[in-house]
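Visitor:
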Amino acid sequence: MASPPDYVQDQPESLNILVLDRSETTSSFHVRSNSAASIGRQSSPSPSPRLGSSRFASEDGCSDTPNGVSSPWSSLVGLFWDQKQSQVKRGVKRKGGAVRVWYQRKRVKGVVGVIALVGLFFLVNWFMLLRLQDDQVVSLQDHSSQNSSSVTVSVKRKWKKKGKGKCQLKGYERMLALAAHTLAENKPAPKDLWEEPFVPASAWKPCADLRNWAPNGGNNGYIMVTANGGINQQRVAVCNAVVVARLLNSTLVIPTFMYSSVWKDVSQFGDIYQEEHFLKQLSPDIQIVKELPKELRSLDLEAIGSIVTDADVRKEAKPSFYMKNILPIVLKNRVVHFIGFGNRLAFDPIPFDLQRLRCRCNFHALQFVPKIQQTGALLLQRLRKHAVHPGPLDHYLVGSYAEPNTKEKHGGAVKASKYLALHLRFEIDMVAHSLCEYGGGEEEGKELEVYREIHFPALTHLKKTKNLPSPAALRSEGLCPLTPEEAVLMLAALGFNRKTRIFVAGANIYGGERRLNALTGLYPNLVTKEKLLSSAELQPFLNFSSQLAVLDFIGCTAADAFAMTDSGSQLSSLVSGYRIYYGGGRMPTIRPNKRRLAAIFMKNNTIEWKVFEQRIRKAVRQTKHVFERPTARSVYRYPRCKECMCFTETD
C-alpha cells in the first residue's frame, strides 16, 4: 500500500472511523494494523512524489529528525490508535462477548468496508491537502476518553525548505552558517593570499624625492589654506596646497584645519605632523612660513576679496584655473585664503614636476609627531605579538620607534605574527551619505534621514527635489559600502582561516556590537586599537578623532595584508597607495569590486558555498593586477606612475 501523504490537515470527526483495529481474531485487520504500526514507527515517511517533502517543522525552523524531515503522519496515527483502543475497551465492557461474535459475522463485509473507507480517506485528504497554504497552522485535536483533554499540535514554518531536509535561513544567516562550517574545517589558505604579484610589483621603486628644479622665491604673495574634512581629506588638501603655492610662485603658510561638526576635532597641523620635518623636506621646492607677516595679519581678507571658498573652485580644477583666477588676487592683495580647500586640483593634465611634488609631499614630507609615532609603534608590536623585528613599512610610519626590541622578557626571538587589517568603512556618516538600505527597516530609514538633515542638508534637498536612484539600484551598481556581514563573508571565501588575526580599523560602526557579531563569531582573533591599547595609553587621543584615525592608518598600512570594504574611502586610498610606494611588491591589498560582489551577494539565498568561493576569488583576483596609474586618477592611491615611482625592467 502506498505511503500516506506528508501534508495533513484537520480531519472531520466522521473520518475517525477509518482507524483500524489490531484484533487478533480478524486476520485482515491484523495485516492492516501491522502496516499502521510500521508507519507509526517511521520517523520520516517517504515523501509524496508530487507534493515534495513535508512542510511540518519544529519551531526553530529545522526538523529534529535524522534526515531533517518531520513525521506528522506518525503523530496522527498514534493519536487515532489511542482513541480506537479506548473505544474498543469501552465496547468490551458494555457488551462483553457480543462484540467478538459481531466481528466474526461481519468479517467479510468488514474487510470490504474498511478498504472502501480507506480509499475514501485518502481521496478526501488528497483534495484537502491541495488547498494547504505555505504558512498555515495545523492543529490536530483528539478528545481522549480517559482524560477528556485536548491535544493540539501547532507548528508554523519559520524558514523555507530547500531540498530534502535542508533548512534555508533568510538573508545572510544562511551564508554565515556555511562560512562557519567551512572555517571549522581549518583548510590551508591559498598560496597567494598574503602575496602580491611580486615580480611586476617590485619593478616599481620610490623616487618622488628626486627633483630637477631650483626652489622658487615665493615672491607673488602668500597662500593660506584651511582644509576641511577628516584627517585623510586634510592630508590631500595639504599636498594640493603645496603644488598650488609652487604653481603661483607664492609662499605657503602652514595649513590649518577646519573644525568639523562630524569629526569634532580641534587638532591642527602641528598636533599631527612634524612641522620642522615638513619645512626641511619641501624647502628646496617652495617657501613655507608658519604665519603671515605682521602687516598682513590685520587685513580684512573678506573685505578685500582675498577669501576663496570651495564653492568658488570647482572640484579638481586645472592649473590654468589658478593662473587665470587666483594669481591676480595674490598679485593685487598679496594674500589669498582658501577656505574648505580639499580635492580642488586636477591630477591630469598637470606638469611632470608639479605631480612629482605632490607625491613628494605625501610620501616624504608628512611625518607624524613623536607622540603618535610612539603609540603607533606600541600598537604594531602588540599586533605582531611583540615580535623582535619591525615590519618593512614601520620606519616610514613610526620613525625611530620602529627600532627592534632585542631585550624581550622571555629572552628569545619571537617569530613575527602575521595580521590582516580590515578597514570597515561603515560609520553612520558613510551609511547616511550612501542613500542605501541596510536591513533596519523603517526605524533605520528615519534615523538616517534625521542625520542627513543635520549633516548633509544639500543631500537632503537633492533627495526631495530630484528623482534619485533607488537603494536597490545603488546596491546593484556597487555604490553601497560593504556591510560587516558582507565583509566577513568575503574574507572567509578568500580563504583566511579562523585563526587569522584581524585588525579592524574604524570606530563607531553603525549598528554597534550587533553588526560586529558576524565578524567576531567567525574570526575570534579580531582586535581593535581600543582592545590592544590601555585606557591610559589612549587617553592623550580620546578627544581627537583625527589623531585616533592616524593610529588606524598606521595599523592598516603596516599590515601583512590589507582589505578595504569601500574603494572610494580616502583612508583606504591613502593606505593602499602608501603600501604600493614603500611595499617593494610584498604588501598585498584586497580591493573588492563592489559591483561584481553585489551581483554575487544578491544570490545569497540560493548560491552554494563552493560557487560563492570561486566567484569571490575571481572578482578579487582581478583587482590584484599590477598596472600604471590610469589617466586622471589619484597619485595618492595609484603612485605607480613615472612622476612618483621609477620603473625598472625585470628579467
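Counting in full-length UniProt numbering, the sequence shown tops out at residue 651, every number present.
Glycine is no exception: its CB is placed at the ideal position from the N, C-alpha and C atoms.
#1: One question on the structure: do Ser-569 and His-423 come within less than 8 Å of each other, judged by their Cβ atoms?
#2: How would you call Cys-480, buried or exposed, if buried means at least 16 neighbouring beta carbons within 10 angstroms?
#3: Is the distance from the Cβ of Arg-235 to the Cβ of Pro-284 below 8 Å?
#4: Ser-250 by DSSP, collapsed to three states: which one?
#5: Return the CA-CA distance between Gly-342 and Ala-227, expressed in angstroms with no decimal places.
#6: For Pro-206, write down the residues that DSSP places opposite it in a beta bridge.
#7: What would DSSP say about Phe-456, mapped onto helix, strand or coil?
#8: Using the DSSP secondary-structure output, state which residues sit across from Met-602 in a beta bridge.
#9: Taking the alpha helix (DSSP H) that Tyr-636 falls in, what are its first and last residues?
#10: I need the DSSP call for His-337, collapsed to helix, strand or coil.
#11: Note down the Cα distance separating Gly-218 from Ala-402, rounded to an integer number of angstroms.
#12: Nearest-angstrom Cα distance between Ala-472 and Met-602?
#13: Taking 8 Å as the cut-off, decide whether the C-beta atoms of Ala-201 and Gly-585 are in contact.
#14: By the 10 Å Cβ neighbour count, where 16 or more other Cβ atoms means buried, how is Glu-302 classified, buried or exposed?
#15: I'd like the list of long-range same chain contacts for Leu-597, defined as Cβ closer than 8 Å, with 5 residues on each side in sequence excluded.
#16: Using only the alpha-carbon positions, how far apart do Thr-460 and Glu-453 sit?
#17: Look at Trp-194 and Pro-630 and say whether their C-beta atoms are less than 8 Å apart.
#18: With 8 Å set as the bound, which would you pick, yes or no: does the beta-carbon of Ala-421 sit closer than that to a beta-carbon of chain D?
#19: Can you name the start and end residues of the alpha helix (DSSP H) that Ala-377 belongs to?
#20: Take the Cβ of Leu-542 as the centre, count every other Cβ of all protein chains shown within 10 Å, and call the residue buried at 16 or more, exposed below.
#21: Would you call the segment 543-559 in contact with the segment 377-384, where contact means no fewer than 3 C-beta pairs closer than 8 Å?
#22: Please report the straight-line C-alpha distance between Gln-274 and Gln-281, rounded to a whole angstrom.
#23: Check for me: the beta strand (DSSP E) holding Tyr-222 runs from which residue to which?
#24: With DSSP as the reference, label Leu-15 as helix, strand or coil.
#25: What alpha helix (DSSP H) runs, 4 residues minimum, are completely inside the segment 513-559?
#26: How far does the beta strand (DSSP E) with Met-564 in it extend, from its first residue to its last?
#27: Going along the chain, which residues of its own chain have a beta-carbon closer than 8 Å to the beta-carbon of His-277, five neighbours each way excluded?
#28: Determine the extent of the beta strand (DSSP E) in which His-423 is found, giving its start and end residues.
#29: Please state the DSSP three-state secondary structure of Val-488.
#30: Figure out for me which residue from Ile-590, Val-244, Thr-565, Asn-333 has the closest Cα to the Cα of Ala-317.
#31: With three or more C-beta pairs closer than 8 Å as the rule, is the segment 344-355 touching the segment 253-262?
#32: Of the residues Ala-241, Asn-249, Ala-377, Leu-526, which one's Cα is nearest the Cα of residue 683?
#33: Among Gly-583, Ser-572, Leu-574, Ser-567, which has the Cα closest to the Cα of Asn-593?
Guide: In short:
#1: Cβ atoms of Ser-569 and His-423: closer than 8 Å.
#2: Residue environment for Cys-480: buried (at least 16 other C-beta atoms within 10 angstroms of its C-beta).
#3: Not in contact: Arg-235 and Pro-284 (Cβ atoms no closer than 8 Å).
#4: The answer is strand: DSSP assigns Ser-250 an E or B state.
#5: Near 6 Å, if we compare the C-alpha coordinates of Ala-227 and Gly-342.
#6: Partner(s): Met-645.
#7: Here DSSP, grouped into helix, strand and coil, assigns Phe-456 to coil.
#8: Answer by DSSP bridge pairing: none, since Met-602 is not bridged.
#9: Bounds of any alpha helix (DSSP H) do not take in Tyr-636, whose DSSP letter is neither H nor E.
#10: Shown here, His-337 sits in a strand according to DSSP, grouped into three states.
#11: Whole-angstrom Cα-Cα distance: 37 Å.
#12: Take the alpha-carbon of Ala-472 and the one of Met-602: they are about 10 Å apart.
#13: Closer than 8 Å, so yes.
#14: Looking at its Cβ environment, which holds fewer than 16 other Cβ atoms inside 10 Å, Glu-302 is exposed.
#15: Cβ within range, chain order: Gly-478, Leu-482, Glu-486, Met-490, Ile-616, Ala-619.
#16: Going by the C-alpha atoms only, they are around 6 Å apart.
#17: The answer is no: Cβ separation not under 8 Å.
#18: This model lacks chain D altogether, as it is built from one protein chain only.
#19: It spans 370-383 - the alpha helix (DSSP H) in which Ala-377 sits, taken as one unbroken run.
#20: With fewer than 16 Cβ atoms within 10 Å of its Cβ, Leu-542 is classed as exposed.
#21: In short, these stretches touch, since the Cβ pair count reaches three.
#22: A direct Cα-to-Cα measurement between Gln-274 and Gln-281 gives close to 11 Å.
#23: Looking at the DSSP string, the run of the beta strand (DSSP E) that includes Tyr-222 is 222-227.
#24: For Leu-15, the predicted structure reports a pLDDT of 32, less than 50, and the residue's modelled location is therefore unreliable. A value from the coordinates is still provided. Looking at Leu-15 - three-state DSSP - the assignment turns out to be helix.
#25: Whole alpha helix (DSSP H) segments, 4+ residues: 513-522, 529-532, 535-538, 545-557.
#26: Per DSSP, Met-564 belongs to the beta strand (DSSP E) from 561-564.
#27: Ala-365, Gln-367, listed in sequence order.
#28: Run containing His-423: 420-423, per the beta strand (DSSP E) assignment.
#29: Helix.
#30: Distances from the alpha-carbon of Ala-317 to those of Ile-590, Val-244, Thr-565, Asn-333 put Val-244 closest.
#31: With a cut-off of 8 Å, the segment 344-355 and the segment 253-262 do not count as touching, because too few Cβ pairs lie within range.
#32: As displayed, the chain neither begins before 1 nor continues past 651, which places residue 683 out of reach and without an answer.
#33: Checking every option, the nearest Cα to that of Asn-593 belongs to Ser-567.
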